[in-house]
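Residue numbers (the working numbering), protein chains in the order written: chain R, 575 to 686; chain F, 259 to 369.
Built from N, CA and C at the ideal position, the CB exists for glycine as well.
Here the structure is a predicted model, which is why all the values come from computation and not from measurement.
The structure appears below as structure tokens.
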Amino acid sequence: DAGVTQSPTHLIKTRGQQVTLRCSPKSGHDTVSWYQQALGQGPQFIFQYYEEEERQRGNFPDRFSGHQFPNYSSELNVNALLLGDSALYLCASSKWLDTEAFFGQGTRLTVV
Amino acid sequence: ELKVEQNPLFLSMQEKKNYTIYCNYSTTSDRLYWYRQDPGKSLESLFVLLSNGAVKQEGRLMASLDTKARLSTLHITAAVHDLSATYFCAVDEYNAGKSTFGDGTTLTVKP
């Protein structure tokens, strides 16, 4: 079992650009959640996808959007990048309404 | 809005000493998680606590949950250097995958 996999592992983008991050959930999981972790802080919930729909959303602007595919994998898109978007982006997968989520290794995004 | 507070935020311990990290949260919840994070790495799940009075132990770490006090503790027994990391507690309001995290406790164990 490969666990939760994210790609790419590192990414450097310029302000104003757009970025897409990808996540493949753990085998048997159908729910994907995305978190942003700024340096020195705890992760903050961005949104959650189940059955290809956004189910819950945290306090993030519309520049952050996502998608879930029929195979349960997910993408996080960020438009009009700001310097403050530099962070570690974590994907977590779980079974819907289950008690435990498993995190991927994260994508380190640097905006310059 | 659910708030999760950890203390202390930084903890420097000597090896073989005991200490406790505290996690307070602001609304009713019966799902609390403890994670470990090493520098530059992702989150490693340590404990899942699902009911009032739940206690779980793994090696030198023991976690407990008091839902009435809205308090969880992570107790470290006879610390060793390998435990140096940042520890996060997280609370779910609804289901797994939408967690509110504390700011983390950075633990340094010194010889």
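Worksheet item: Is the beta carbon of residue 684 (chain R) sitting closer than 9 Å to the one on residue 580 (chain R)?
Response: For residue 684 (chain R) and residue 580 (chain R), no; Cβs fall outside 9 Å.
Worksheet item: Does the separation of the CB atoms of residue 313 (chain F) and residue 282 (chain F) fall below 9 Å?
Response: Going by C-beta atoms, residue 313 (chain F) is not nearer than 9 Å to residue 282 (chain F).
Worksheet entry | Start and end residues, beta strand (DSSP E) containing residue 316 (chain F) | Residues 313-316.
Practice prompt. Tell me, to the nearest whole angstrom, how far the beta carbon of residue 650 (chain R) is from that of residue 595 (chain R); I am working on the premise that it is less than 8 Å.
Written response: Contact between residue 650 (chain R) and residue 595 (chain R) is confirmed by a C-beta separation of about 4 Å, below the 8 Å threshold.
Practice prompt. Using beta-carbon positions only, say whether residue 307 (chain F) and residue 293 (chain F) come within less than 9 Å of one another.
Written response: For residue 307 (chain F) and residue 293 (chain F), no; Cβs fall outside 9 Å.
Item to complete: Can you give me the Cβ contacts of residue 668 (chain R) inside the same chain, cut-off strictly under 6 Å, excluding the 5 residues immediately before and after it?
Response: Hits under 6 Å: 603, 605, 675.
Practice prompt. Could you tell me which residues DSSP pairs with residue 367 (chain F) in its beta bridges?
Written response: According to DSSP, which records beta bridges pairwise, residue 367 (chain F) is partnered with F:271.
Fill in: Buried/exposed call for residue 393 (chain F), threshold 16 Cβ in 10 Å
Because residue 393 (chain F) is not part of the residues shown, which for chain F are 259 to 369, the question remains open.
Discussion item. Give me, in chain order, the residues of the same chain whose beta-carbon lies closer than 6 Å to that of residue 591 (chain R); leave out the 5 immediate sequence neighbours on both sides.
Written reply: If we look at residue 591 (chain R) and ignore the five residues flanking it on each side, its Cβ neighbours are 655.
Discussion item. Let's see if you can read the secondary structure: which residues bound the beta strand (DSSP E) around residue 642 (chain R)?
Written reply: Per DSSP, residue 642 (chain R) belongs to the beta strand (DSSP E) from 638-642.
Discussion item. If you reduce the DSSP assignment to three classes, tell me which class residue 604 (chain R) lands in.
Written reply: Here residue 604 (chain R) carries a coil assignment [DSSP, helix/strand/coil].
Worksheet item: Within 10 angstroms of its Cβ, does residue 636 (chain R) collect 16 or more other Cβ (buried), or is it exposed?
Response: Around the beta carbon of residue 636 (chain R), fewer than 16 other beta carbons sit within 10 angstroms, so the residue counts as exposed.
Worksheet item: If you drop the 5 nearest sequence neighbours on each side, which residues of the same chain put their C-beta closer than 7 Å to that of residue 296 (chain F)?
Response: Excluding positions up to five away in sequence, the list reads 343.
Worksheet item: Taking all protein chains shown into account, do 16 or more other C-beta atoms lie within 10 angstroms of the C-beta of residue 612 (chain R), making it buried, or fewer, making it exposed?
Response: Exposed, since its Cβ has fewer than 16 Cβ neighbours within 10 Å.
Discussion item. Between the alpha carbons of residue 652 (chain R) and residue 303 (chain F), how many angstroms are there, rounded?
Written reply: Each residue's CA atom was taken as its position, placing residue 652 (chain R) and residue 303 (chain F) some 27 Å apart.
Fill in: Where the region 649-680 of chain R meets chain C: residues whose CB sits under 9 Å from a CB there
No chain C appears in this structure, whose protein chains are R and F.
Worksheet entry | Alpha carbon of residue 672 (chain R) to alpha carbon of residue 586 (chain R), nearest angstrom | The alpha-carbon atoms of residue 672 (chain R) and residue 586 (chain R) are separated by roughly 35 Å.
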